[in-house]
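Working notes for the structure below.
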Amino acid sequence: MGVDADVLTEWFDEVGRDLPWREPECTAWGVLVSEIMLQQTPVARVQPIWLEWMARWPVPSALAASSQGEVVRAWGKLGYPRRALRLHAAAAVIAAEHGDVVPSDVDTLLALPGIGAYTARAVAAFAYGKRAPVVDTNVRRVVARAVHGAGDAGPPSNTRDMADVEALLPPEDAPAAKLSAALMELGALVCTARSPRCADCPIYDDCAWQHAGRPAYAGPAKQVQKFAGTDRQVRGLLLDVLRGSEGPVEKARLDLVWHESGQRDRCLDSLLVDGLLEQTGDGLFALPGEH
Numbered sequence: 001m002g003v004d005a006d007v008l009t010e011w012f013d014e015v016g017r018d019l020p021w022r023e024p025e026c027t028a029w030g031v032l033v034s035e036i037m038l039q040q041t042p043v044a045r046v047q048p049i050w051l052e053w054m055a056r057w058p059v060p061s062a063l064a065a066s067s068q069g070e071v072v073r074a075w076g077k078l079g080y081p082r083r084a085l086r087l088h089a090a091a092a093v094i095a096a097e098h099g100d101v102v103p104s105d106v107d108t109l110l111a112l113p114g115i116g117a118y119t120a121r122a123v124a125a126f127a128y129g130k131r132a133p134v135v136d137t138n139v140r141r142v143v144a145r146a147v148h149g150a151g152d153a154g155p156p157s158n159t160r161d162m163a164d165v166e167a168l169l170p171p172e173d174a175p176a177a178k179l180s181a182a183l184m185e186l187g188a189l190v191c192t193a194r195s196p197r198c199a200d201c202p203i204y205d206d207c208a209w210q211h212a213g214r215p216a217y218a219g220p221a222k223q224v225q226k227f228a229g230t231d232r233q234v235r236g237l238l239l240d241v242l243r244g245s246e247g248p249v250e251k252a253r254l255d256l257v258w259h260e261s262g263q264r265d266r267c268l269d270s271l272l273v274d275g276l277l278e279q280t281g282d283g284l285f286a287l288p289g290e291h
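Counted the way our numbering counts, the sequence shown spans residues 1 to 291.
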């Protein structure tokens with residue numbers, strides 16, 4: 001039971017999506033930007049903003065030279081805007097310490113600000129063609145079904161998940177990197193969470209979940225992320241006011257975006273703490289570095 005690497009990579013070569021960060025001419029910087037943007041955000045929303053960023057900031061030093069405010073504004077509606085600040089901080093270190101070239105080594109990548117286990121390995125594999133286990137939600141689900149015969153993956157365990165994927169990778173760099181991309185694509189397009197398209201699956205015959213009769217997932221319930229009425233929504237509304245303004249704004253403008261003053265003020269405070277907004281000496285609010 002499990003994953004036939006040759007069959008899956010052939011399938012990927014045929015049906016893998018034509019995404020700009022997969023083009024041969026895409027730099028490691030382009031791959032890094034795409035990976036940060038794609039965390040918790042669908043491809044369709046990322047692609048136009050990624051294209052804008054790469055046209056505007058084709059190398060890390062170009063992004064590092066811009067203010068944090070410009071970067072937060074350009075992040076647009078991608079959500080989780082702290083990612084923009086982390087990317088800005090990483091760009092500064094890449095420009096200053098790595099000759100404006102994104103490092104290829106996982107440990108060096110991990111030392112960059114805001115770069116975690118997944119992103120470091122994704123850049124090593126997808127930008128540099130290295131053998132590195134790349135584990136996201138889609139990959140965990142494919143492994144849970146194809147290898148373990150479970151309906152879905154349980155709670156994440158970095159050590160176990162990495163070991164599971166490591167065991168599937170061919171020993172050579174290039175085929176391993178290709179398989180990493182193929183596993184992720186299979187989970188995104190076919191082996192989906194809610195209605196998997198098993199009839200279209202290239203590894204259907206070897207899938208442990210099929211052989212077990214496709215048992216339902218029986219593990220711990222997964223948290224469903226709400227959005228309406230959450231602090232995330234309110235923070236986004238507050239940031240939208242600043243993105244749409246030329247300079248600092250009065251608190252009265254921000255007060256209009258949400259009816260519940262306690263939640264609104266708490267969210268405003270959290271944006272200040274996260275460095276996504278700043279308060280001027282005369283009590284106005286601005287994007288970082290824009291006052």
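Beta carbons: idealized from backbone N, C-alpha and C, even for Gly.
Under DSSP, Phe-285 forms a beta bridge with Val-249, Gln-279. Per DSSP, Leu-51 is one residue of the alpha helix (DSSP H) stretching across 43-56. In this structure the stretch 40-50 does not touch the stretch 234-251; the number of beta carbon pairs closer than 8 Å is below three.
A check of alpha carbon separations from Pro-288 across Glu-70, Ala-5, Cys-267 identifies Glu-70 as the nearest. Rounded to the nearest whole angstrom, the CA to CA distance from Leu-239 to His-98 is 32 Å.
Between Leu-38 and the set Ala-167, Arg-235, Lys-77, Gly-129, the nearest pair of CA atoms involves Lys-77. The C-alpha of Ala-95 is placed about 51 Å away from the C-alpha of Ala-212. A Cβ-Cβ separation of about 59 Å leaves Gly-247 out of contact with Ala-208 under the 8 Å criterion. Here Ile-115 carries a coil assignment [DSSP, helix/strand/coil]. Its chain contains Trp-21, Val-123, Phe-126, Ala-127 as the residues whose beta carbon lies nearer than 7 Å to that of Val-31, once the 5 sequence neighbours on both sides are disregarded; these appear in chain order. For Cys-26, same chain residues with a beta-carbon under 7 Å away, outside a window of 5 residues either side, are Pro-20 in chain order. Shown here, Ser-157 sits in coil according to DSSP, grouped into three states, outside any helix or strand.
With respect to the 8 Å criterion, Pro-113 and Ala-84 are not classified as neighbours on the basis of their beta carbons. Excluding sequence positions up to five before and after Ala-64, its CB lies within less than 6 Å of the CB of Ala-91, Ala-92, Ala-95, all in the same chain and listed in chain order. Within the same chain, Cβ atoms closer than 6 Å to the Cβ of Met-54 are found at Gly-30, the five residues on either side in sequence being excluded.
The C-alpha of Ala-221 is placed about 16 Å away from the C-alpha of Ala-144. Straight-line spacing of the CA atoms in Ala-74 and Gln-210 works out to 45 Å. Going by DSSP, Gln-68 is part of the alpha helix (DSSP H) stretching over 68-75. By the Cβ-count criterion, Tyr-118 is buried, with 16 or more other Cβ atoms from all chains shown falling within 10 Å of its own Cβ.
Just so you know, the alpha carbons of Ala-132 and Ala-176 end up roughly 7 Å apart.
In the three-state reduction of the DSSP assignment, Gln-263 falls in the helix class, which pools H, G and I. Taking one beta carbon from each stretch, the stretch 177-191 and the stretch 230-237 have fewer than 3 pairs nearer than 8 Å; the two do not touch. When Arg-82, Glu-35, Ala-153 are compared, the shortest CA-CA separation from Ala-218 is found for Ala-153. Rounded to the nearest angstrom, the gap between the Cα atoms of Val-249 and Arg-86 is 25 Å. In this structure, the beta-carbon distance from Arg-141 to Cys-191 falls below 8 Å.
Note on geometry: alpha-carbon atoms of Ser-34 and Asn-138 lie some 17 Å from one another. Residue nearest to Phe-12 within the set Glu-172, Ala-150, Ser-67, Gly-187 is Gly-187 (criterion: CA-CA distance). For Gly-16, there is no enclosing alpha helix (DSSP H), as DSSP marks it with neither H nor E. Glu-278 is positioned such that its CB atom lies no closer than 8 Å to that of Ser-67.
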